[in-house]
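> So that we are looking at the same thing, I have put the structure below in structure tokens.
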Amino acid sequence: MEIIDLTVHELQEKLKSKEITVEEVTKAYADRIKEKEGDVQAFVTTLEDEAVEQAKSIQKDIEDGKITGDFAGIPIGIKDNMCTKGVKTTCSSKMLENFVAPYDATVVEKLNDEHLIDLGKLNMDEFAMGASTEYSAFKKTRNPWNLNTVPGGSSGGSAAAVAAGMVPWALGSDTGGSIRQPASFCGVVGLKPTYGLVSRFGLVAFASSLDQIGPITKDVTDSAMLLNLIAGHDEKDTTSENIPKKDYTKALKGDVKGLKIGIPKQYYGEGINEEVKAKLQEAIETYKKLGATVEEFSLDIADYALATYYIIACAEASSNLGRFDGIRYGYRTKNYESLKDIYKNSRSEGFGPEVKRRIILGTYVLSSGYYDAYYKKAQQVRTLVKKEFDEAFKKYDVLLTPTSPTVAFEVGTKSSNPLEMYLADICTVPVNIAGLPGISVPCGVNSKGMPIGMQLIGNRFEEEKILNAAYTFEQEIKFRENYKPEFKK
Amino acid sequence: MSKEDYEVVIGLEVHAELSTKTKIFCSCPTTFGAEPNTHICPICTAMPGTLPVLNEKVVEYAVKAGLATNCEISKDSKNDRKNYFYPDLPKAYQISQFDKPLCEHGYIEIEDDDGNKKKVRLLRIHIEEDAGKLNHNEFGVGSLVDLNRAGVPLIEMVSEPDIRSSREAEQYLRKIKSILEYIEVSDCKMQEGSLRADVNVSVRKKGEEKFGTRTEMKNMNSFRAIVRAIEYEKDRQIEVLEEGGKIEQETLRWDDINGRTSSMRDKEDAQDYRYFPDPDLVAIRLSDEYVENIRKSLPELPESRRDRYIKEYNLSEKDAKLLTSSKYLSNLFEGALEICGNAKAVANWILSDISRILNEKELEPENIPFTAEQLAKMIQLIDKGTISSAIAKKVLTELFENPKDPEEIIKEKGWIQISDEGAIKEVVMKVLENNPQSVADFKGGKDKALGFLVGQAMKETKGKANPQMLNKMFLEELGN
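Order-wise, the sequence lines are chains A and B. Positions 1 to 489 (our numbering) are the ones given, in order, by the first sequence. Positions 1001 to 1480 (our numbering) are the ones given, in order, by the second sequence.
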């Protein structure tokens, strides 16, 4: 197998046995980026040359015994909404086109502490708002399985880069499905941790009560390993929970005997593609075969989750994005005569249409006279959603649903219809609303060879259960061994 | 109708900067007067991706203020975002508290204009962050943003509209200032803006229950300006009503130079702040134990000191009240007393000469430049007969100008009292010789002439002669 086809845990074995060197690994990825970036367009900023230099110096430090650790010299890609000191953080927006953060996000610090190597900043929907990465101000990332289709979003660059072997793994962020949906579209594994498990410090905020950073990886083992690296309480983020550190790889037992799986029937109804449904049915059968008990139940409130999500997420976004005012950093219009002009024109020219749409929506739902009918009501529904999930987890260990109603769609087919784009999030948003962990793993391909993802949802801070369920399934169907992206044009 | 048929109704929103060492949501220092944009970091400049962490001292200080003003402390409180755009507000929202303030339903006791005790109710006290500052025209063009103050913690204390005169308003503010100083949560330096008030004023006909339409004057930071502004605004509103006009509810700017108010914002800009709970911060939950511990840690408040002064030092109620009206005066009193042990003398010096000089110089008690120890030493020098009261007044003036050890002052200036019998005799003889007429007057029964002679001797010695000794010696020499 080529270096770029290996998972991180496989790379680690070969590095340990000295079959390969850190330098060779980074070099292989740098070459792969050069080869594929033209087709895939996954990066906003590539750091291949810097990465190779860094790999050389790490290689030397390892040989000199100056640094140790299983992750020293492992490359990674980072979604372009996590701050990296000295490297541009654009959020794929004209607003931050030349913005260089003066500090590292907590997750980036953690990666640096372990001497991982940053291969570059990955493309996304502008400010993480979108489900296809088409709302990037800079480029449209393509799905490596079929270059005419989207990679999903908003972490489309991260998912596409992992699928294309341009990075061994990547960090994404998920506010309503932005890790899981692109992972599903690109046939890779995407984990959104429990809200509060990973520090948000340095993640450019979209919707603060929903955002969470998580791993996008080739397999479940890598997902658990990357989660080990980034999880943990951070004094700089008071919404991060102070819970004991865990080794998530220990949860990967490869056994689901007796596991109670709930199937919320609302996720299998209208609007879900038949081929997706069929693959999910197969997955259910696989779990039964492996000794899990599977039961259908009704999650009534799920129907309201999407509306609730768009109210809360847009409300928070309208406030979070206020700071992009052209005063201290970021884009400033050249066309102004007054302070009001600076605000109005900088924001009109700096933000793309989807971001503006959501700022306007969010401003509206928080306005006096509408607050009670929208924002307040949405918060009440949010409480109900949490309650219903709490009830479900009294009966089940994990819930199994499709990750997305469809496989990857063609570029340009939804970007002009926001409502249809919003529906792409319907299976993933309830998880964010309730603050739960969710993982998307590939469960097969459709008739056209496009990957289909399934989502396992766990109770708060029960990442171990969904990771083990995903791992056991992965061992059984061996998706990676059987399917590979073909870069169809 | 005349002016006397109306009464003024006043409500005050007082903003006090808390004297915590660091800002409310980051660890930048709060010290005043630094070079622009030197006390800033990614958090208080709202760099993308940064998050606030609530400074626990801010909660502690606000709870202290609440307890000292008889408030109920909320065990379950939260932070909200107040959204608006302005260049001094880097996040485009101020983190404040909307519907769940930390403290509610307190009161502050003042005296009304007839001298009766009166409670002004406090609706709430909440915590929030200060904004930065715009320096206009420093370089001729545009405005420059200084974010040193952005994120400095504030408490906002909102009164009910219980105040009925400018005098009451001033008393209320002085009382708040004094309390905050006593409990050491704010240095209340009005000229630095660490204590400022939004003043709401309306008028109504006496006996009427409904409030009139109010106007608001924001960010007032001197007692004098507040009193003048209230008086002006009261008269203006009455005039408008008397002429059959209507009061517009609006924000006014007080022009202290011309002594009048003017409209500040056009109504088009009526702000909708879109308050909502800040999702970056967890709820503030306080235990009973936490609140009780703070209650126990509160220092002695002015009322209690006042009563103690009356009881322990036999001071009059008026003097005790004046002394405790300011923590600085009260601490000066106690500090000097501890050293020199002469309560009456310390109180007299503070309430007469020191207060007079403060008035003349338009200074507040916190601006007194000398220490309690220096004051005590001065009093000890009088008690020992080293200097006279007359010299002491000069020493005090010097202490205000160039504070140092009074003993050093009198040595440097040569103000040591002459108590040497030989020297005094010499002066007395000289004065008697030069003023035969006064000597004759005295002998002829005019007692007043003695005063004149003593005065001449004082003049001769530049006030340094011991007055008791002079008196005695003149009488001896004049044969009495």
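C-beta: ideal position from N, C-alpha, C; glycine also. What you are looking at is a predicted structure, and each value in this text was computed from that prediction instead of being measured.
Of the residues that make up the stretch 1081-1094 of chain B, which ones have a beta carbon closer than 8 Å to any beta carbon in chain A?
Here the close residues are Arg1081, Asn1083, Phe1085, Pro1087, Pro1090, Lys1091, Ala1092 and Tyr1093.
> May I have the straight-line CA-CA distance separating B/Lys1078 from A/Ala302, to the nearest angstrom?
Taking the straight line joining both Cα atoms gives about 29 Å.
> Ordered along the chain, which non-local residues of its own chain (more than five positions away) have a Cβ less than 8 Å from that of A/Arg222?
Sequence check: residue 222 of chain A is Asp here, not Arg. Closer than 8 Å at Cβ, skipping near neighbours: Thr7, Val8, His9, Pro168, Trp169, Val189 and Pro215.
> Mind pulling the chain B residues with CB within less than 8 Å of A/Arg323?
Going along chain B in sequence order, the residues near A/Arg323 (Cβ under 8 Å) are Ala1046, Pro1048, Pro1090, Lys1091 and Ala1092.
> Could you tell me whether the Cβ atoms of A/Cys427 and A/Tyr267 are closer together than 7 Å?
Taking 7 Å as the Cβ cut-off, A/Cys427 and A/Tyr267 qualify as a contacting pair.
> Is any beta-carbon of chain B found at less than 7 Å from that of A/Gly202?
So yes, A/Gly202 belongs to the interface.
> Would you tell me roughly how many angstroms separate the C-alpha atoms of B/Asn1367 and B/Leu1337, rounded to the nearest one?
Going by the C-alpha atoms only, they are around 20 Å apart.
> Among residues of its own chain, excluding the 5 on either side of A/Thr194, which ones have a beta-carbon nearer than 7 Å to its beta-carbon?
The answer, listed in chain order, is Gly435, Leu436, Pro437, Arg460, Phe461 and Glu463.
> Is the Cβ of B/Val1059 closer than 7 Å to any Cβ of chain A?
Not closer than 7 Å to any Cβ of chain A, the Cβ of B/Val1059 fails to qualify, so no.
> Over what stretch of residues does the beta strand (DSSP E) that includes A/Ser368 continue unbroken?
Looking at the DSSP string, A/Ser368 is not in any beta strand (DSSP E), and its letter there is neither H nor E.
> By the 9 Å beta-carbon criterion, what residues does the stretch 66-88 of chain A contribute toward chain B?
Listed by position, the residues of the stretch 66-88 of chain A near chain B (Cβ gap below 9 Å) are Asn81, Met82 and Cys83.
> Which stretch, first to last residue, makes up the alpha helix (DSSP H) that contains B/Asp1383?
Unbroken alpha helix (DSSP H) run through B/Asp1383: Ala1372 to Asp1383.
> Under 7 Å Cβ-Cβ, which residues of chain B neighbour A/Ser136?
Those within 7 Å of A/Ser136 in chain B number zero; the least Cβ separation is about 17 Å.
> If we count the other Cβ atoms within 10 Å of its Cβ and call it buried at 16 or more, is B/Ser1262 buried or exposed?
That one is exposed.
> Does chain B have any CB closer than 7 Å to the CB of A/Pro451?
So, not an interface residue.
> Using a 10 Å radius around the Cβ and a threshold of 16 neighbouring Cβ atoms, would you call B/Gln1468 buried or exposed?
Per the 10 Å Cβ criterion, exposed.
> With DSSP as the reference, label B/Glu1013 as helix, strand or coil.
Strand.
> I'd like to know whether the C-beta of A/Tyr248 is nearer than 7 Å to at least one C-beta of chain B.
Closer than 7 Å: no.
> Can you name, in chain order, every residue of its own chain whose Cβ lies under 6 Å from the Cβ of A/Glu275, other than the five neighbours on each side?
The residues are Asn446.
> Suppose the cutoff is 6 Å on Cβ atoms and the five residues either side in sequence are ignored; what does the same chain contact list for B/Leu1322 look like?
Excluding sequence neighbours, B/Leu1322 sits near Leu1351.
> For a cutoff of 7 Å on Cβ pairs, would you count B/Glu1268 as touching chain A?
Low local confidence applies: a pLDDT of 47 at B/Glu1268 is under 50, so the model's placement there is unreliable, and no value is given.
> Using Cβ-Cβ distances below 9 Å, what residues of the stretch 1267-1299 of chain B are close to chain A?
Taking 9 Å as the Cβ-Cβ cut-off against chain A, the residues of the stretch 1267-1299 of chain B that qualify are Asp1272, Tyr1273, Arg1274, Tyr1275, Phe1276, Pro1277, Asp1278, Pro1279, Asp1280, Leu1281 and Val1282.
> Quick one: does B/Val1152 have its CB under 7 Å from some CB of chain A?
Chain A, which has no Cβ nearer than 7 Å to the Cβ of B/Val1152, makes this no.
> Using the beta-carbon of each residue, which ones in chain B are nearer than 7 Å to A/Leu366?
Ordered by position in chain B, the residues that pass the 7 Å Cβ test against A/Leu366 are Arg1274 and Phe1276.
> Please classify A/Ile360 as buried or exposed, where buried requires at least 16 neighbouring CB atoms within 10 angstroms.
Exposed, since its Cβ has fewer than 16 Cβ neighbours within 10 Å.
> From the beta carbon of A/Ile213, is the nearest beta carbon of chain B less than 7 Å away?
So, not an interface residue.
> Quick one: any contact between the stretch 467-482 of chain A and the stretch 1003-1016 of chain B, if contact means 3 or more CB pairs under 8 Å?
Flag = no, the stretch 467-482 of chain A and the stretch 1003-1016 of chain B do not touch.
> Please work out which residues of its chain come closer than 6 Å, Cβ to Cβ, to A/Gly269, disregarding the five sequence neighbours upstream and downstream, and give them in chain order.
Closer than 6 Å at Cβ, skipping near neighbours: no residue.
> Cα separation between A/Asn148 and A/Ala408?
Cα to Cα, the separation comes out at about 10 Å.
> Output the distance between the C-alpha atoms of B/Glu1268 and A/Lys340, rounded to the nearest integer angstrom.
Legend: pLDDT at B/Glu1268 = 47, less than 50; position of this residue unreliable, value from coordinates given subsequently. Their Cα atoms are separated by approximately 14 Å.
> What's the call for A/Phe99, buried or exposed, on a 16-neighbour Cβ count within 10 Å?
The residue in question, A/Phe99, is buried, as its Cβ has 16 or more Cβ neighbours within 10 Å.
> Label A/Gln212 either buried or exposed according to how many other C-beta atoms from any shown protein chain fall within 10 Å of its C-beta, with 16 as the threshold for buried.
Buried: at least 16 other Cβ atoms inside 10 Å.
> Out of curiosity, what's the CA-to-CA distance linking A/Gly262 and A/Tyr364?
Near 37 Å, if we compare the C-alpha coordinates of A/Tyr364 and A/Gly262.
> Less than 7 Å between CB atoms is the rule here; does A/Glu316 satisfy it with respect to chain B?
So yes, A/Glu316 belongs to the interface.
> Tell me which same chain residues have a C-beta within less than 6 Å of the C-beta of B/Tyr1313, skipping the five on either side of it?
Cβ within range, chain order: Ala1343.
> For A/Gly271, does the three-state DSSP call read helix, strand or coil?
Of the three classes helix, strand and coil, the one that applies to A/Gly271 here is coil, per DSSP.
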